[in-house]
Every structure is written in C-alpha cells, then in structure tokens.
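For what it's worth, our numbering labels the leading residue of the sequence shown as 53, then goes sequentially.
Note that the Cβ used here is the ideal one computed from N, Cα and C, for glycine as well.
The structure appears right after this line, and notes come after that.
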Amino acid sequence: MRRYLHTASTLPVFTGRRIGMLIFAMALLLIFICNGAAYGQSIDSHKKRINQIEKDIAYLNNQIASTQKKHKNTLQELVFIQKKVANRKELLKEIDSELKEQNRQISAKNRNISMLEQRLDTLEHYYRHLILKTYKHRDSRIWFMYILASDNIEQGYRRWKYLKNYADAINKQGEEIIETKRELDKERADLLKLRAETLKSQQTREKEYNNLLKEESKSKSYAKSLSSNQAKYKRQMEQKKREAERLNREIEKMLAAAVKADSGPKATPSAKADNVKLSSEFQNNKGKLPWPVSGGVVIEKFGQHYHPLFKSVKMPFNNGINISTAAGSSVKAIFNGTVKQVIAIPGYNQCVLIQHGNYFTFYCKLANVNVKAGQKVATGEAIGTLSSSENTSTLHFELWHNTTKQNPELWLRK
Numbered sequence: 053m054r055r056y057l058h059t060a061s062t063l064p065v066f067t068g069r070r071i072g073m074l075i076f077a078m079a080l081l082l083i084f085i086c087n088g089a090a091y092g093q094s095i096d097s098h099k100k101r102i103n104q105i106e107k108d109i110a111y112l113n114n115q116i117a118s119t120q121k122k123h124k125n126t127l128q129e130l131v132f133i134q135k136k137v138a139n140r141k142e143l144l145k146e147i148d149s150e151l152k153e154q155n156r157q158i159s160a161k162n163r164n165i166s167m168l169e170q171r172l173d174t175l176e177h178y179y180r181h182l183i184l185k186t187y188k189h190r191d192s193r194i195w196f197m198y199i200l201a202s203d204n205i206e207q208g209y210r211r212w213k214y215l216k217n218y219a220d221a222i223n224k225q226g227e228e229i230i231e232t233k234r235e236l237d238k239e240r241a242d243l244l245k246l247r248a249e250t251l252k253s254q255q256t257r258e259k260e261y262n263n264l265l266k267e268e269s270k271s272k273s274y275a276k277s278l279s280s281n282q283a284k285y286k287r288q289m290e291q292k293k294r295e296a297e298r299l300n301r302e303i304e305k306m307l308a309a310a311v312k313a314d315s316g317p318k319a320t321p322s323a324k325a326d327n328v329k330l331s332s333e334f335q336n337n338k339g340k341l342p343w344p345v346s347g348g349v350v351i352e353k354f355g356q357h358y359h360p361l362f363k364s365v366k367m368p369f370n371n372g373i374n375i376s377t378a379a380g381s382s383v384k385a386i387f388n389g390t391v392k393q394v395i396a397i398p399g400y401n402q403c404v405l406i407q408h409g410n411y412f413t414f415y416c417k418l419a420n421v422n423v424k425a426g427q428k429v430a431t432g433e434a435i436g437t438l439s440s441s442e443n444t445s446t447l448h449f450e451l452w453h454n455t456t457k458q459n460p461e462l463w464l465r466k
C-alpha cells in the first residue's frame, strides 16, 4: 500500500524510498531523451550520405548511357560499371548503419515510454491522494475555522500558508500530469513514425541488394566481353602505367624544387611568415575545402589500385583522386595561393601546380589553362577547363604537404 507523510505544517510528500525511485526514474528519462536526440542526428547523417551516393549512382548511369552512344565495349564503361558496383556496396553499408541506429532508437523510445508511463502512474496516484484529502475536508468553513482557531497570528499565518501551498500543489500536480501525458503521446507518435521509417529502410535495402547482384553480374559479363581483345587493352595498360609513373616523378621533382626554394637563402623573412600564415589557414580548413570541379563523382580514389580488366595487375600508386565530371567543366583553385608551375605531361594534358604555404594542390588533364607561373589565385577562381571533345571529362587532382602526399577526400568538403 502506498503511504505518504504529512503534517499540519507541510504538504504531503513521498516517502524517502519513493523520492529516490522518482529521482532515479527522471534521471533515466533524461538520459533516454538525450540519447534519442543523438540517435536522430546520426540517422540524419546516414540519410545525407545515402542521398549523396544515390546521386553518384544516377550520375554514373548517365555517364554509362552517354559512353554507350558513342562507343561500344570500352574500358571506360567498365570503370563506370565497377564504380557503380562499389557505390552500391557503400550504399548498402550506409543503409545497414541507418537500420542499426533506427533499431537502437526504437529500443530507446520503448524504454522512454515505459519510464513516462511509470512517472504518470506515480503522479496520478499522488494527485488522487491530494484530491481525496481535499474532498474529505471540502467544507470551506472547516478551513476558515482552522485558521481562526490559531493560538496567535504567526500560527494563523502558517496555517493559511499551508492551505495555500496545498491548493498550489494540487494545481501543479494536475499540470504535471497533463504535460507528462503530452510527452507520452508525442513519444508514442514518434515511435510509430520511426517504425514506419525502419520498414521503409528495410524495403530499400532489399531493393538495393537485388540491384547490386544484377550490377555485379553485368560487370563480370562486360569484363568477359572485353577480354576477347586482351592484346589491345594490355598495350593501353602499359602506356597508362608509364604515363602515371612519369606523372609521379614530375610532381615529386617539382615539389622538391619548391620546398628547397622556400627554405633557401633567397627566401625572405616576410615570405616565410606569409607561408606559415597561409599554411595555418589551409590546415584549419581541412574537411571544408571546396571541390575543384562542380558535380561529378570520384571514379578512382587515393592509393593503390589494380587494373579494372586485369585484376592481378597492380597499377602505379594514385597520389590523388580522379574525378569524372561534365565535359568542358571549369576547374577552380580550392584555396588562396600562388601558381608555381604550368606543365604539359603526356597522358595528362596541361597540369597546374598551386602553392598554399607549405601545402600544394595539383590539377591535371586540363585542355585549357587560364593562369601562369607566379600568378596569385583566390579560392574558387577558375584556372582552366577540361576537354569538351567527349561527353565526359576526368580531372586528376592531388594534394601535398611539402613532399608528403595527402588523401584529397579527407580535405575536401563532404
């Protein structure tokens, strides 16, 4: 049986044990609410990433269709198909993470609802106790006589204050019950919505998994059709390897010369100070730098890769990323800096090296260049354009800290 302690000078209160239980319940409720908000943010980040991957897949579908109109059975088309397979796998991974967060939030919501139900039960029981006691002494004359029967003014004031506090407590308790019911209704509605979203995510996952199986099958059959002309693609592969190796040698040579010049006797104190300042600004923008081209998708990431057709053949290390974008796209500087060099490299067309203090960015495969060595450039300023002879163009982009290569995707805006 529930018991309450009350005296003539105090309001009815919970026993010590019940107070402890209520405080513990409220603390747990607060934790669940905070966790629910964190889970919501996490789900939103997964949804944002899923939307971006879906856009990349749609872009690749357009590129494949455009390539098929001009050429049949090309290595470039295989690259697009394989990239789409990779994106589809990444999409499934994001959906799985989203489902995990949704299920975790459903559990948190259920616990939260249980805590609110317990709180509501306790509040209503306490409220009934207050109302019952008021009902038993509902004759206003009794309350009036209770005050008049005081031994002195001070006792009369205390009794009046007690009665006023008692009435306030009833009103406050009623308001808390209404608010708790409101919270409970909201949590139940949120739970229904979350369950519907989870079901939708499960259906999307099933659809994307079936798409992945189809695309993997298409990738294998397409690679098989290209393998009938192995001699041609082996020649192309050897040429690409030589071009990539030459590019890597050229950029390393240019960077070594630039770093040496900055630390040499001709470097003035003011120039060194400017370099330090610009380097710090560049570093502070890691993960927030703009992309060098608008739209497009990364078709080859930073690092070691194997040939798309000859899977056992290791290609030269990719010091940057390759971004497929619309033909004739404008290429822009990702940060304030100075053009150090403009150079033509076989297989990579025109290349532009820009210095940002102790950092360097390298832009290749430009058909036209708008800048020259020694020229200052600002963030977002156009430095050239890609080829417009095909439906698609590819920008090769690198980012270095002195002579240490960096993964550009870690620096560019997500």
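Check	Outcome
Where HIS408 falls: helix, strand or coil (DSSP)	strand
Pairwise C-alpha distance: GLN393 and VAL309	A quick correction: the sequence has Ala, not Val, at residue 309. Cα to Cα, the separation comes out at about 11 Å.
CB contact flag (VAL471, GLY380, <8 Å)	This structure cannot settle anything about residue 471, because the visible part of the chain is limited to 53 through 466.
Opposing strand residues paired with HIS359 [DSSP bridges]	None, per the DSSP bridge assignment.
Any 3 or more C-beta pairs closer than 8 Å across the region 400-407 and the region 344-359	no
Beta-carbon spacing of ASN454, ASN410 below 8 Å	yes
Contact belief for ILE158 with THR250 at Cβ below 8 Å, rounded distance in angstroms	7 Å
Segment limits, beta strand (DSSP E) that includes GLN458	456-458
Helix, strand or coil at SER364 according to DSSP, with G and I counted as helix	coil
Pairwise C-alpha distance: LYS424 and LEU265	49 Å
Alpha helix (DSSP H) segment containing LYS466, residue limits	Here LYS466 belongs to no alpha helix (DSSP H), and DSSP marks it neither H nor E.
Candidates LYS233, GLN154, ILE109, of which the one nearest GLU176 by Cα	LYS233
Those runs of the beta strand (DSSP E) which lie wholly inside the region 97-161 and span at least 3 residues	none
Cβ-based burial, GLU260 [other Cβ within 10 Å; buried from 16]	buried
Beta strand (DSSP E) segments (min. 3 residues) lying fully within the region 291-354	349-352
Whether ILE351 touches ASN374 by CB criterion (8 Å)	yes
Supposed close pair LEU361, LEU278 - CB separation, criterion 8 Å	6 Å
Same chain, Cβ closer than 6 Å to LYS292, five either side skipped, listed in chain order	none
Integer Cβ distance of SER271 from ILE133, believed to fall under 8 Å	5 Å
Beta-carbon separation (whole angstroms), TRP32 vs GLY339, contact threshold 8 Å	Nothing about residue 32 can be read from this structure; the chain reaches only from 53 to 466.
C-beta neighbour in chain C for ARG257, strict 8 Å	Absent from the structure: chain C. Only one protein chain is present.
Bounding residues of the beta strand (DSSP E) (the contiguous stretch that carries ASN388)	From DSSP, ASN388 is part of no beta strand (DSSP E); its letter is neither H nor E.
Sequence-distant residues of the same chain with beta carbon closer than 6 Å to MET289, five excluded per side	HIS359
Beta-carbon proximity list for LYS235, same chain, < 7 Å, skipping 5 on both sides	According to the sequence provided, residue 235 is Glu. The question's Lys does not apply to it. Answer for GLU235: LEU168, listed in chain order.
Proximity to ASN262 [Cα-Cα], best of LYS141, ASN401, LYS245, TYR111	LYS141
Separation of ARG465 from GLN128, as counted between CA atoms	27 Å
8 Å Cβ cutoff met for GLN254 and LEU143	no
Per-residue DSSP class, three states only, for LYS428	strand
Coarse secondary structure for TYR400, derived from DSSP in three states	coil
Cβ-Cβ distance between GLY347 and ALA385 below 8 Å	no
Residue from ASN422, PHE334, TYR285, GLU153 whose Cα sits closest to the Cα of ARG247	GLU153
CB of GLU302 within 8 Å of CB of ILE435, strictly	no
Residue from VAL131, MET367, THR431 whose Cα sits closest to the Cα of GLU333	THR431
Minimum C-alpha distance to VAL391 - residue among TYR400, PHE414, PRO342	PHE414
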